[in-house]
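If you read the protein sequences in the order shown, they are chains Z and W.
Residues 1 to 571 in the UniProt record's numbering are what the first sequence spells out, letter by letter.
Residues 1 to 98 in the UniProt record's numbering are what the second sequence spells out, letter by letter.
A virtual CB, placed ideally from N, CA and C, is assigned to each residue, including glycine.
Notes for the one structure printed next.
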Amino acid sequence: MSASPDSTHTALFGEESTFSNEAHPGIEPSVSSDTSENDINRCSHITSVFADPSAKAGIVGKFKTVVAWHTRRTHGALHPAKRRKVSSPTCDTCNQTLSRPFVCLQCSFTGCWSGGHITDHLKETVHTFCVDAKSGSVFCSECDDFVFDDTIDDLYLSTVLSVEEQKTKFQVEKRGREPYQPWIPTGDESIVLKDAATVPCQGRRGLLNLGQTCFLNVILQSFIHNPLLRNYFLSDRHNSRLCKHSDCTCCEMDNLFTEIYSPTNTPFGPTSFLATTWKVSAEMSGYAQQDAHEFFITALNQIHGTCRGSTNISCNCIIHQTFAGQFQSDVTCEKCGTVTSTIDPMLDISLELRSKSGEPAADNTLASCLRRYTKQEKLGAREYSCSKCTKASHEAVKRLSIRTLPPVLSFQFKRFEHKTSGKAAPQKIDAPIRIPASINMAPYTTLAMNTTGKDGETGYPGPDAMYEYDLFAVINHEGQMDNGHYTNFARFQDEWYRFDDDKVTPSTLSDCLASNAYMCFYVKRHLDYKPYVKPTYLVAREKDIVREQAMEREKEAARMKEVDDALIAMV
Amino acid sequence: MSKLTSEVEVLHVEVHRRMIENGEWDRILHLLSSKLSESGWADDLLHRAKENSRSMDPLSLQTILQELLSHAQTSVPLSVKREITTLIKQFVREQFEK
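See below:
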């Protein structure tokens, strides 16, 4: 598989050639409408057991109990309300206490994996399935391996989610987390869906370099692979044919997604996107090499500005819904202990690669940068004056934390350094940075910092699932300050690809992580939901309709009255 | 000799049980996994497992485990190993002081 814009539908199993039409007559490999049909590695034993409703109910019920128990137990062990014993089963064969029990799905046997007692049990009793309480993975003794089944997979996710929802009480005052509701098409929607043509669910197209425009290409690729932006524009929320604005960046995004998800897969030249950017933003115009991060911020502002529902405060346009979070900065007066908090909006986080001493830190990781970023910082004597004791002479401590986490976190590493003094040319910091494929953001939040207990243990800000983020795009800068080149990596589902302008090549996780990141993007694994509120523009439109109808009725009444009057006059 | 090893085993089982029951096991495991993730160990292992299994026929968890086990054990960063060992030692000491 070489340059791959033409292999848009690489299946989970890597090489596409193994996935020929002959093996699956009647199933188009490109449209995976039904995963179970396409999945050649499916376990036939579990399928046949699930065909019998009562057997299925038994296994499903047991599975749910085991997974829910384990989720609750781990939760209780990590964040105990009181110190108390954690319930823990023992292996029914060797009596070892089990930290990770395996449970038979057909009887009450619990056993250990490492000693092989659970698999022995399955063999002896001719039971077929057992489950790992921690991961929800099901082992089939006839396949002699763990098996995948989509029913089980869905069941695992929904069970864990419902337990976590019960455990999240703090989010809105006195209310639990808004429960997740899967989308079930209504009658009308399913009629529409029946006749709709399916488009490939992934788009991968190289972008032509239009003269030092690699800074634009990498940012556009990061937008294309951003699940929230993709879903917004692919669901026709901003239709460029209905939009009345000129030089609209939202329309450019709409067109871009249309192009990327079109059946064509030759490299695409984002000429009109570039032209619109030049028109609306003076500092980006011209053929000069631009900074990708500057373009990122400009593009966000332009999309925000042309998006429906855009406001200056608490905006709920797609950009703010996706990228907006909040920082909180707490300044504590060392003398009287008064804490002054300020809250600032953020769209991304810029991290220093250098420590306080000025040298690039030896072992830079994303986590160590974030720790440095949220560390307590002593303010100088004149930098702060306390509002309570009104003296500027004493010291204060400042600490930054993340108050609200956005659904998509974008990080920039400050690699380009402009010296404030002297005429020295700006320098590039090439220090390596290690980034993880997924990160838990809980330790850097205001909630976790403020609830830090007296004994130094970190506080409990809610289930971990609320803070898990997965990497989906990385932007790299090669070369020096003025003659560099931007490339990027991006992930679709579980596969990584490298983008170098018009060239797209399959890549791997380790290549992506080993590249020296300039920017990186993470998406939240479990999104939060707000209770459904009708958008204000819909409410306004409905009011307009009601008002117009009332006016129509008045007009009609007046006309009738005229007719009546005329009739009376005649009589 | 055999009496000695069985005593050690009994002790191990007991310490193991206490560690799980008072939640220390889960806390240490949680810390360990966040350290291993930050150091890149977890991502490296994920990458190896995935790339190895791409061409594996038949695909089998046991084979993946066998291929990766020794590498996984030897590649744990020394600093992480030290920190976690210290925590475990501290726990065991506390259990005996009580």
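Check: Backbone secondary structure at N312 of chain Z - three-state DSSP; Outcome: coil
Check: Per DSSP, the bridge partner or partners of H293 of chain Z; Outcome: Per DSSP, none; premise fails for H293 of chain Z.
Check: C-alpha distance - R399 of chain Z paired with T374 of chain Z, whole-angstrom precision; Outcome: 6 Å
Check: Members of the region 2 to 36 of chain W near chain Z, C-beta cut-off 8 Å; Outcome: V13, H16, R17, I20, E21, N22, G23, W25, D26, R27, L29, H30 and S34
Check: Chain-order list of residues whose beta-carbon lies under 8 Å from that of A133 of chain Z (same chain, five-residue window excluded); Outcome: V66, V67, W69, H70, R100, P101, F102 and V103
Check: Within-8 Å CB hit, S99 of chain Z to chain W; Outcome: yes
Check: Within chain Z, partners of S60 of chain W - CB distance below 7 Å; Outcome: D145
Check: 8 Å Cβ cutoff, Q493 of chain Z in contact with chain W; Outcome: no
Check: Helix, strand or coil at V66 of chain Z [DSSP, three-state]; Outcome: helix
Check: The region 480 to 495 of chain Z contacting the region 203 to 216 of chain Z, beta-carbon criterion three pairs below 8 Å; Outcome: yes
Check: Buried versus exposed, by CB contacts within 10 Å (16 or more), S515 of chain Z; Outcome: buried
Check: Sufficient close CB pairs (3 or more, under 8 Å) joining the region 290 to 301 of chain Z to the region 213 to 229 of chain Z; Outcome: yes
Check: Residues that DSSP places opposite Y497 of chain Z in a beta bridge; Outcome: Z:A490 and Z:P506
Check: 7 Å CB neighbourhood of Y156 of chain Z in its chain, flanking five on each side removed; Outcome: V67 and G136
Check: Per DSSP, the bridge partner or partners of E38 of chain W; Outcome: DSSP output for E38 of chain W lists no bridge partner at all.
Check: Assumed close pair F323 of chain Z, V408 of chain Z - CB separation to whole angstroms, cut-off 8 Å; Outcome: 6 Å
Check: Residue 579 of chain Z - DSSP class collapsed to helix/strand/coil; Outcome: Lying before the first or after the last residue shown, residue 579 of chain Z is absent from chain Z, which here runs from 1 to 571.
Check: Residues within the region 39 to 70 of chain W neighbouring chain Z, beta-carbon criterion of under 9 Å; Outcome: S39, G40, A42, D43, D44, L46, H47, R48, K50, E51, R54, S55, P58, L59, S60, L61 and Q62
Check: Near-chain W residues of the region 506 to 535 of chain Z - C-beta to any C-beta below 8 Å; Outcome: T508, L509, S510 and L513
Check: C-beta contact flag for L351 of chain Z and K414 of chain Z at 8 Å; Outcome: yes
Check: The region 329 to 343 of chain Z in contact with the region 251 to 258 of chain Z per 3-pair CB rule at 8 Å; Outcome: no
Check: Sequence-distant residues of its chain with Cβ nearer than 6 Å to E554 of chain Z (five each side left out); Outcome: none
Check: Beta strand (DSSP E) segments (min. 3 residues) lying fully within the region 313 to 379 of chain Z; Outcome: 325 to 333, 339 to 346, 349 to 351 and 377 to 379
Check: For R541 of chain Z, the three-state DSSP class (helix, strand or coil); Outcome: helix
Check: Host beta strand (DSSP E) of M56 of chain W (start-end); Outcome: Run containing M56 of chain W: none; DSSP gives neither H nor E here.
Check: Contact list for N440 of chain Z against chain W, beta-carbon separation under 9 Å; Outcome: S34 and S37
Check: Residue from Z:C43, Z:F273, Z:A557 and Z:L234 whose Cα sits closest to the Cα of S262 of chain Z; Outcome: Z:L234
Check: Three CB pairs or more closer than 8 Å across the region 78 to 95 of chain W and the region 19 to 39 of chain W; Outcome: yes
Check: Pair within 8 Å by beta-carbon distance, Y518 of chain Z and H477 of chain Z; Outcome: yes
Check: Proximity winner among Z:C43, Z:P227, Z:A77 and Z:C389, relative to I28 of chain W (alpha-carbon distances); Outcome: Z:A77
Check: Cα-Cα separation, M466 of chain Z to L527 of chain Z; Outcome: 8 Å
Check: Alpha-carbon spacing of I224 of chain Z relative to K279 of chain Z, whole angstroms; Outcome: 22 Å
Check: Collapsed DSSP secondary structure at F109 of chain Z in the structure displayed; Outcome: coil
Check: CB contact below 8 Å: P345 of chain Z versus chain W; Outcome: no
Check: For A57 of chain Z and H45 of chain Z, the rounded distance between their alpha carbons; Outcome: 16 Å
Check: The region 51 to 67 of chain W touching the region 104 to 122 of chain Z, judged by at least three CB pairs closer than 8 Å; Outcome: no
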